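Respectively, the protein sequence lines represent chains A and B.
Counting in this note's numbering, the first sequence runs from 66 upward without gaps.
Counting in this note's numbering, the second sequence runs from 17 upward without gaps.
Every residue gets a Cβ at the ideal spot worked out from N, C-alpha and C, and that includes glycine.
In this text the structure is predicted, and so the values were computed from the model without any measurement.
Note sheet for the following structure.
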Amino acid sequence: NSSLGNPTGNRNSSKSGYMAFSKDVLRWRLIGEGYSSQLTVDEQRYIFRLAFRMWSEVSPLEFVEDTWSPLEDVDIKLGFGTGRHLGCNQKFDGTGQEFAHAWFLGDIHFDDDEHFTGPSSHTGISLLKVAVHEIGHVLGLPHIYRPGSIMQPSYLPHESSFEMDWMDRKAIQHLYGGCKGRFSTVFDWIRKEKTPYGDVKIRFNTYFMRDGWYWLYENRNNRTRYGDPVALQIGWHGIPSDGVDAYVHVWSRRREAVYFFKGLQFWRYDSENDRVFRHDSEGRRYPRLISEGFPGIPSPIDSAFYDRRDSHIYFFRRAQVYAFSVETNSLASGFPKHIRDVFPPVESGDHPDGSIDAAYFSYSHNALFLLKGTRFWRVVGSRERWRRPFLPRNGLMPHKEVDQQWFDICDVHPTSLKL
Amino acid sequence: EKLFHNRDHSDMQIPTSHQAPVITDEYEAELFLSRYGFIKPTQREEIQMKQSGISFMPLSRDIPKTSHGKVHKSESESQAFVSALKEFQMASGLPVTGVFDDATKDAMNKPRCGVPDKETDPNPHLENKSLLTISNDTHK
């Protein structure tokens, strides 16, 4: 018999009545007696690693390939077979029709009489697509008859590049919850593009950073970019690969500069050439000490943002905030102050107090957000105060959960980061 | 491995024995519909399933059929077949005719996942509800 795990050992029934795993790091293995005869073993394992990663990009689950533990410790076992196979009581029917099935206990079988192909092929049956579908079953999803859903029972010829749509994401999050976690920093990166007619277009991309990883967030699609997170050094050349504390974009008529802060140091970023400056126009080398570049600012800092209204950088450290004038290159008078005094709660008691993870001005929302842990507080804007004058200047609106406004910002297991 | 001569395996010969039986008549259509949960197992089959500890009825091949694939069915079985057919047609986005027409035949022969579309589990509220499970101890 195919080794059947304990049906209830590591599962509990979720609110929707479908069973779901009760732990969030799951082990999988392509079993040795179940290799396909059509693709190399490395190709098979790569495709399965990618299929599992696609589910962890949209759910709090993480998956790790486990080729060493005893088989009973492996949660999801995958294998190929033909006809009567792998101790399974549902024999395969040969080429055509049934191409795979998933056992609720975590076994997935693929009919090796089908012509399975890799992601780059346009013929045959995409093993990646079938694997994502069958893993969906093992995680607790039934067939879903919605065009575009990866859980449709019939195989649709391989679209150029299939991804999980909004409803599939919500279906799995209905079983396992949303993706939560604190961020190192969040920012909109502004870049200038010259149109073919020579005009300069200003564009921005939104980035969420957590330790050594980052996601590009596609505001118009309400999700992160397919295939994220990726390692920092892939997209941000020269900043510390284990993450940063803060990002600041100084942007006024007379000056523009992008800075990353980490520990006692800071880097200036060359947005034109997408890498850090080695030294600035005065010949000073980077990274530089924060205490040198921003006299009066302590380090390390928790977070920071540049306020274009008053041309000040606001540095947050513990329960205090430091306003720094970029014009005079000095601390503004009367600072530091308590964060609560500069950003008072609109609703008493609902305030992050200190240790802010990120101070994020969003061009999408045209609003400033303070993020801490899995929560965020939106700062009351001047236009809003014009309509509702009783709101305090820079007041913090009651908190919300980050995963209720920015969706699908999910970790993946470090072993599948570099796919 | 399957025999081929072209470098890209495009001429891979699949022995006919490995071909899935094409669904051509109502008899096979009925097997398809019960395999994927559109036709519920009868009470008798349910007892058999419980006793043998499986929650998926291997297709009982002993349904009597006439020479051209029609199946002798009682009135209630005919109704069950037609309503199951309509359910499948609706789920597959086909015109809901209740007739085993070409579009339905084509859809049934398309590559698909082997997990039933409908709970085949006689009692969906079982603690270890599952799509396909062998429970060794029969008292469950």
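Three-state secondary structure assigned by DSSP to A:A397:
Your numbering for residue 397 of chain A matches position 332 in the first sequence. Three-state result, A:A397: coil.
Any beta carbon from chain C within less than 8 angstroms of A:I404's own beta carbon?
Considering every chain present, this structure includes no chain C. Its protein chains are A and B.
Among residues of its own chain, excluding the 5 on either side of A:G303, which ones have a beta-carbon nearer than 6 angstroms to its beta-carbon?
Counted from its first residue, the first sequence places residue 303 of chain A at position 238. Closer than 6 angstroms at Cβ, skipping near neighbours: R340, V341.
Using only alpha-carbon positions, find the residue among B:V98, B:A107, B:C129, B:P127 that is nearest to B:F116.
In the second sequence, the residue the question calls residue 116 of chain B occupies position 100. Answer by Cα proximity: B:V98.
Spatial distance of A:L151 from A:I173 (CA atoms)
Locating residue 151 of chain A in the first sequence gives position 86, counting from the first residue. Locating residue 173 of chain A in the first sequence gives position 108, counting from the first residue. Approximately 10 angstroms, taken between the alpha carbons.
In angstroms with no decimal places, state the Cα-to-Cα distance between A:P365 and A:D310.
Taking the first residue of the first sequence as 1, we reach residue 365 of chain A at position 300. Taking the first residue of the first sequence as 1, we reach residue 310 of chain A at position 245. Roughly 8 angstroms separates the two Cα atoms.
Strictly by DSSP, which residues pair up with A:M232?
Residue 232 of chain A sits at position 167 when you count from the first residue of the first sequence. BP columns for A:M232 are empty, so no partner.
Where does A:D415 land, buried or exposed, given buried means 16+ other C-beta within 10 angstroms?
Translated into positions along the first sequence, residue 415 of chain A becomes position 350. By the 10 Å Cβ count, A:D415 comes out exposed.
Within 10 angstroms of its Cβ, does A:L69 collect 16 or more other Cβ (buried), or is it exposed?
Translated into the one-based positions of the first sequence, residue 69 of chain A becomes position 4. With a pLDDT of 25 at A:L69, under the threshold of 50, the predicted position of this residue should be treated as unreliable, though the coordinate-derived value follows. By the 10 Å Cβ count, A:L69 comes out buried.
Members of the segment 103 to 136 of chain B that neighbour chain A once the beta carbon cut-off is set at 9 angstroms
Here the close residues are M106, A107, S108, G109, A123, M124, N125, K126, P127, R128, C129, G130, V131, P132, D133, K134, E135.
Considering only residues of the segment 437 to 468 of chain A, which uninterrupted alpha helix (DSSP H) runs meet the minimum length of 4 residues and lie entirely inside it, listed in chain order?
If we require 4 residues or more, the alpha helix (DSSP H) runs fully inside the segment 437 to 468 of chain A come out as 447 to 452.
Quick one: what's A:K266 bridged to in DSSP?
Working through the first sequence from its first residue, we reach residue 266 of chain A at position 201. According to DSSP, A:K266 bridges with A:E258.
Any C-beta of chain A under 8 angstroms from that of B:A100:
By one-based count along the second sequence, residue 100 of chain B stands at place 84. Interface with chain A (8 angstroms Cβ-Cβ cutoff): B:A100 is excluded.
Just the chain A side, please: which residues come within less than 9 angstroms of B:A36 by C-beta, in chain order?
Reading the second sequence from its first residue, position 20 is the one you call residue 36 of chain B. Going along chain A in sequence order, the residues near B:A36 (Cβ under 9 angstroms) are F157, D158, G159, T160, G161, Q162, E163, D176, D178.
Could you tell me the boundaries of the beta strand (DSSP E) in which A:H377 lies?
Numbered from 1 along the first sequence, position 312 holds the residue referred to as residue 377 of chain A. Where A:H377 is concerned, the enclosing beta strand (DSSP E) stretches over 377 to 382.
Could you tell me which of A:N286, A:G277, A:R285 sits nearest to A:Q298, measuring between CA atoms?
Numbered from 1 along the first sequence, position 233 holds the residue referred to as residue 298 of chain A. That would be A:G277, whose Cα lies nearest to the Cα of A:Q298.
Cβ contact check for the segment 190 to 210 of chain A and the segment 124 to 135 of chain B: 3 or more pairs under 8 angstroms
Below 8 angstroms, enough C-beta pairs join the segment 190 to 210 of chain A and the segment 124 to 135 of chain B to call them touching: three or more.
Three-state class that DSSP yields for A:E127 in the structure shown
Along the first sequence, one-based indexing puts residue 127 of chain A at 62. DSSP places A:E127 in strand when its eight states are reduced to three.
Starting from A:E321, follow the alpha helix (DSSP H) in both directions and report where the run begins and ends.
Translated into the one-based positions of the first sequence, residue 321 of chain A becomes position 256. Annotation: A:E321 is outside any alpha helix (DSSP H); the continuous beta strand (DSSP E) that includes it extends over 321 to 327.
Go ahead and label A:G159 buried or exposed: buried means 16 or more other beta carbons lie within 10 angstroms of its beta carbon, across all protein chains shown.
Taking the first residue of the first sequence as 1, we reach residue 159 of chain A at position 94. By the neighbour-count criterion, in which 16 or more other beta carbons inside 10 Å mark a residue as buried, A:G159 falls on the buried side.
Where A:S368 falls, given that 16 or more other Cβ within 10 Å makes a residue buried
Against the first sequence, residue 368 of chain A aligns to sequence position 303. With 16 or more other Cβ atoms within 10 Å, it is buried.
Any idea if B:S26 is buried or exposed, counting beta-carbon neighbours within 10 angstroms, 16 or more meaning buried?
The count along the second sequence starts at 1 and reaches residue 26 of chain B at position 10. B:S26 should be labelled exposed.
Of all Cβ atoms in chain B, is any one closer than 8 angstroms to the Cβ of A:A167?
Looking up residue 167 of chain A in the first sequence gives position 102. For A:A167, the nearest CB of chain B lies under 8 angstroms from its own CB, placing it at the interface with that chain.
Could you tell me whether the segment 342 to 351 of chain A touches the segment 374 to 393 of chain A, using the rule of 3 or more Cβ pairs below 8 angstroms?
They do not touch, by the three-pair rule.
Which stretch, first to last residue, makes up the alpha helix (DSSP H) that contains A:S121?
Position 56 of the first sequence, counted from the first residue, corresponds to residue 121 of chain A. From DSSP, the alpha helix (DSSP H) with A:S121 extends over 106 to 121.
Beta-carbon gap between A:A424 and A:Y379 smaller than 8 angstroms:
Taking the first sequence and counting its residues from 1, the one referred to as residue 424 of chain A is at position 359. Taking the first sequence and counting its residues from 1, the one referred to as residue 379 of chain A is at position 314. Yes, Cβ-Cβ distance for A:A424 and A:Y379 is below 8 angstroms.
DSSP state of B:D41, grouped into three classes?
Taking the first residue of the second sequence as position 1, residue 41 of chain B is located at position 25. If DSSP states are grouped into helix, strand and coil, B:D41 belongs with coil.
Which of helix, strand or coil does DSSP assign to A:H302?
Numbered from its first residue, the first sequence carries residue 302 of chain A at position 237. The answer is strand: DSSP assigns A:H302 an E or B state.
Tell me, please, whether the segment 467 to 482 of chain A touches the segment 230 to 246 of chain A by the rule of three or more beta-carbon pairs shorter than 8 angstroms.
The answer is yes - the segment 230 to 246 of chain A touches the segment 467 to 482 of chain A, with three or more Cβ pairs under 8 angstroms.
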